[in-house]
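Same order as they appear, the protein sequences are chains A and B. Adding 305 to a residue's 1-based position in the first sequence gives its number in this note's numbering. Adding 305 to a residue's 1-based position in the second sequence gives its number in this note's numbering. Here a beta-carbon is modelled for each residue, glycine too, at the ideal position from N, C-alpha and C. Input: a single structure, listed below in structure tokens.
Protein chains: 2
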Amino acid sequence: MQETLTRDGTVPLHTQIAEALRIKIQNEEFKEKENLPSERELAEQYAVSRMTVRQALQKLRHEGLIYHERGIGTFVNNRKIDVHTRNLNGFSEEMISLGLKPSSRVLTFQRELASDEVMQNLQLGAGAEVFYLERLRLADDEPMAFERTYLPAYLFPKLEEFDLTKNSLYQVLVENYDSRMHHAEEVLEAAAATKRVAEQLGVRTGAPVLVVRRIVFSESNQPIESAHTVYRADRYRATFYLSKNGA
Amino acid sequence: MQETLTRDGTVPLHTQIAEALRIKIQNEEFKEKENLPSERELAEQYAVSRMTVRQALQKLRHEGLIYHERGIGTFVNNRKIDVHTRNLNGFSEEMISLGLKPSSRVLTFQRELASDEVMQNLQLGAGAEVFYLERLRLADDEPMAFERTYLPAYLFPKLEEFDLTKNSLYQVLVENYDSRMHHAEEVLEAAAATKRVAEQLGVRTGAPVLVVRRIVFSESNQPIESAHTVYRADRYRATFYLSKNGA
DNA sequence: TTCCAGAAGTGGGCTAGACCACTAGCTTGT
DNA sequence: ACAAGCTAGTGGTCTAGCCCACTTCTGGAA
Numbered sequence: 306m307q308e309t310l311t312r313d314g315t316v317p318l319h320t321q322i323a324e325a326l327r328i329k330i331q332n333e334e335f336k337e338k339e340n341l342p343s344e345r346e347l348a349e350q351y352a353v354s355r356m357t358v359r360q361a362l363q364k365l366r367h368e369g370l371i372y373h374e375r376g377i378g379t380f381v382n383n384r385k386i387d388v389h390t391r392n393l394n395g396f397s398e399e400m401i402s403l404g405l406k407p408s409s410r411v412l413t414f415q416r417e418l419a420s421d422e423v424m425q426n427l428q429l430g431a432g433a434e435v436f437y438l439e440r441l442r443l444a445d446d447e448p449m450a451f452e453r454t455y456l457p458a459y460l461f462p463k464l465e466e467f468d469l470t471k472n473s474l475y476q477v478l479v480e481n482y483d484s485r486m487h488h489a490e491e492v493l494e495a496a497a498a499t500k501r502v503a504e505q506l507g508v509r510t511g512a513p514v515l516v517v518r519r520i521v522f523s524e525s526n527q528p529i530e531s532a533h534t535v536y537r538a539d540r541y542r543a544t545f546y547l548s549k550n551g552a
Numbered sequence: 306m307q308e309t310l311t312r313d314g315t316v317p318l319h320t321q322i323a324e325a326l327r328i329k330i331q332n333e334e335f336k337e338k339e340n341l342p343s344e345r346e347l348a349e350q351y352a353v354s355r356m357t358v359r360q361a362l363q364k365l366r367h368e369g370l371i372y373h374e375r376g377i378g379t380f381v382n383n384r385k386i387d388v389h390t391r392n393l394n395g396f397s398e399e400m401i402s403l404g405l406k407p408s409s410r411v412l413t414f415q416r417e418l419a420s421d422e423v424m425q426n427l428q429l430g431a432g433a434e435v436f437y438l439e440r441l442r443l444a445d446d447e448p449m450a451f452e453r454t455y456l457p458a459y460l461f462p463k464l465e466e467f468d469l470t471k472n473s474l475y476q477v478l479v480e481n482y483d484s485r486m487h488h489a490e491e492v493l494e495a496a497a498a499t500k501r502v503a504e505q506l507g508v509r510t511g512a513p514v515l516v517v518r519r520i521v522f523s524e525s526n527q528p529i530e531s532a533h534t535v536y537r538a539d540r541y542r543a544t545f546y547l548s549k550n551g552a
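As structure tokens, this is what we get:
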């Protein structure tokens, strides 16, 4: 049973193998035997070295899709479907994955001097300018969150020309500035809605809200965005997946 | 400059190398040149194969300590210190890492029939029994959180004999049942404090609180614990680190 | 029938090479 | 002075093996 891989060097073999296995896992093709073929079997099937197979498996293990048991084999992690694990996506992508229709109402969008807090978050020098974007985020046309976003102005020239009502901010950044987010720090806390936020969200003043502060970094660890999002507690909850050591 | 490793097979070489490099990074020994030696140099220094070095580096890269630039080299990620990233630790460990003194007041500790929700969370069958542990968690002798914990009774016989006022629950589980947590799912939401919780936490009824629901799994993906923790919003915030794809 | 030793199979670890794409700096020719 | 091309060095990928610790199964001895 020879599986075929593209060997023109455009896509690494271990990536192709990982993708192929990921699909088979999603289709539950291993469910009968409850486990994957051994590393040596896979190496033979794909006609690659065992090290390459191990590299592919490691990727899947890191994602929590599979786990190894020494001396026994490799197994599919049949944990309940990730209803929605919070990851490095923007609001739009997140709502879509939840089956909701995202939209935005831009309340403010201007270039301004960075405040001390923003300067520190974005690691900017004194006098640096930022884009300030204030949006009401809707899901199925109902208010879901109130968001304040700061972006270093020098990184995104002419950002003001884009329509952020329809487009995902992250999409604009990737497509027009080739700016990809790589990792982020988030701080979550509970708070009571202030008068202004309560009015926008359509809840009473003092109602509980979930506040998420997020700083997004590029691959070279440069801060790209600093955001402050206030979610309605009755409509939103954040799900995380935690793992030990990561190995 | 030959670095020495223990080669008796007790600790994998790549682990030793990763540890050695981690220490050097923390001591900022690479700061002058701003980068690490090349993989080939490291292989020579430690007298191992380059693949082994790469394995060590991959571990560090996963932790966000370093990053690679193709054709250039490997660099230390000089991001600000992780003040406190939420990870798979219990309350006690978390408070200690924050520099606070943890303690507990056990309000309830009994064996009981699992409710439907708990049954589902812990993947138990009908009629299964669980330990129910209700604790007020203190930091520096001030109320920080109100916690309800459920554990499958069949996994932890005689759990009732331990003093959970002084000891960390996770410590008891590891030391006495060899039960190690491997990963967890957490759901965070904001809420208003109920009367009972408010009294225990010493806040007014309706004050905002951060509710964390956590299910902890073993390495073989078996649910070990289901917890529901209500944190005072004015004393606690949760910090997470998010990364793309994990590669 | 029971028990135990061995064999076979598994993932974990490691080696000593190889070729590739990419970057930066140097050299050389204009 | 400048640009083009070369070269050395880097991480990315891959190979074809090897030994180890561990589990499970199986067949033979007690």
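Worksheet item: Unbroken alpha helix (DSSP H) runs of length 4 or more, entirely within the region 393 to 474 of chain B: which are they?
Response: 396 to 402 and 421 to 426
Discussion item. Less than 8 Å between CB atoms is the rule here; does A/Gly-369 satisfy it with respect to chain B?
Written reply: yes
Fill in: Cβ-based contacts, 7 Å cut-off: residues of the region 473 to 498 of chain A near chain B
The residues in question are Met-486, His-487, His-488, Ala-489, Glu-490, Glu-491, Val-492, Leu-493, Glu-494, Ala-495, Ala-496 and Ala-497.
Worksheet item: Taking any Cβ of chain A, which residues in the region 501 to 520 of chain B have a Cβ under 7 Å from it, in chain order?
Response: If you check each beta-carbon in the region 501 to 520 of chain B against every beta-carbon of chain A, the ones closer than 7 Å belong to Pro-513, Val-514 and Leu-515.
Item to complete: State the DSSP-derived secondary structure class of B/Tyr-541, mapped to helix, strand or coil.
Response: coil
Worksheet entry | Short-range partners of chain B found in the region 521 to 543 of chain A, where Cβ spacing is below 8 Å | Phe-522, Glu-524, Ser-525, Asn-526, Tyr-536, Ala-538, Tyr-541, Arg-542 and Ala-543
Worksheet item: What in chain B is Cβ-close to A/Ser-548, meaning under 9 Å?
Response: Asn-392, Leu-393, His-487, His-488 and Ala-489
Worksheet entry | Reduced DSSP category for B/Tyr-536 - H, G, I as helix; E, B as strand; rest coil | strand
Worksheet item: What is the residue span of the alpha helix (DSSP H) that B/Arg-327 lies within?
Response: 318 to 331
Discussion item. Is it buried or exposed, A/Gly-376, if we count other Cβ atoms within 10 angstroms and call 16 or more buried?
Written reply: exposed
Worksheet item: Looking at A/Asn-426 and A/Ser-531, is the spacing between their C-beta atoms short of 8 Å?
Response: yes
Worksheet entry | According to DSSP, residues forming a beta bridge with A/Tyr-372 | A/Phe-380
Item to complete: Measuring only between beta-carbons, confirm whether B/Phe-451 sits less than 8 Å from chain A.
Response: no
Discussion item. Residues of chain B with CB closer than 7 Å to the CB of A/Tyr-455, please, in chain order.
Written reply: Here the premise fails: no neighbours, minimum Cβ distance about 17 Å.
Worksheet item: Can you tell which of A/Pro-342, A/Lys-364 and A/Ile-330 has its C-alpha closest to the C-alpha of A/Leu-318?
Response: Measuring from the Cα of A/Leu-318, the nearest candidate turns out to be A/Lys-364.
Worksheet entry | A/Asn-340 at chain B interface by Cβ criterion, 8 Å | no
Discussion item. Short of 7 Å Cβ to Cβ, which residues in the region 355 to 379 of chain B face chain A?
Written reply: Taking 7 Å as the Cβ-Cβ cut-off against chain A, the residues of the region 355 to 379 of chain B that qualify are Lys-364, His-367, Glu-368, Gly-369 and Tyr-372.
Discussion item. Below 8 Å on the Cβ atoms is my contact criterion, and I expect B/Glu-346 with B/Ala-325 to pass it. Report the Cβ-Cβ distance as a whole number of Å.
Written reply: Separation of the CB atoms of B/Glu-346 and B/Ala-325 is rounded to 14 Å, and the pair is thereby denied contact status at 8 Å.
Item to complete: Spell out whether any CB of chain B is found under 8 Å from the CB atom of A/Phe-545.
Response: yes
Practice prompt. Give the straight-line distance between the Cα atoms of A/Leu-589 and A/Met-449, rounded to the nearest whole angstrom.
Written response: For residue 589 of chain A there is no data in the structure shown, the boundaries of chain A being 306 and 552.
Discussion item. Does B/Ala-352 come out as helix, strand or coil in the three-state DSSP assignment?
Written reply: coil
Item to complete: Kindly indicate which residue of B/Tyr-541, B/Ala-352 and B/Met-486 has the alpha-carbon position closest to the one of B/Pro-528.
Response: B/Met-486
Item to complete: Just grab the DSSP bridge partners of B/Ser-531 for me.
Response: B/Tyr-455 and B/Ile-520
Practice prompt. Please report the residue range of the alpha helix (DSSP H) in which A/Ala-497 lies.
Written response: It is not in any alpha helix (DSSP H) - A/Ala-497 instead sits in the beta strand (DSSP E) that spans 488 to 497.
Fill in: Residues near A/Gln-321 in its chain [Cβ-Cβ closer than 6 Å; skip 5 each side]
Leu-310
Fill in: Simplified DSSP assignment, three categories, for A/Val-477
A/Val-477 falls in the helix class under three-state DSSP.
Discussion item. Considering just the uninterrupted stretch of the alpha helix (DSSP H) at B/Ala-503, what are its terminal residues?
Written reply: 500 to 506
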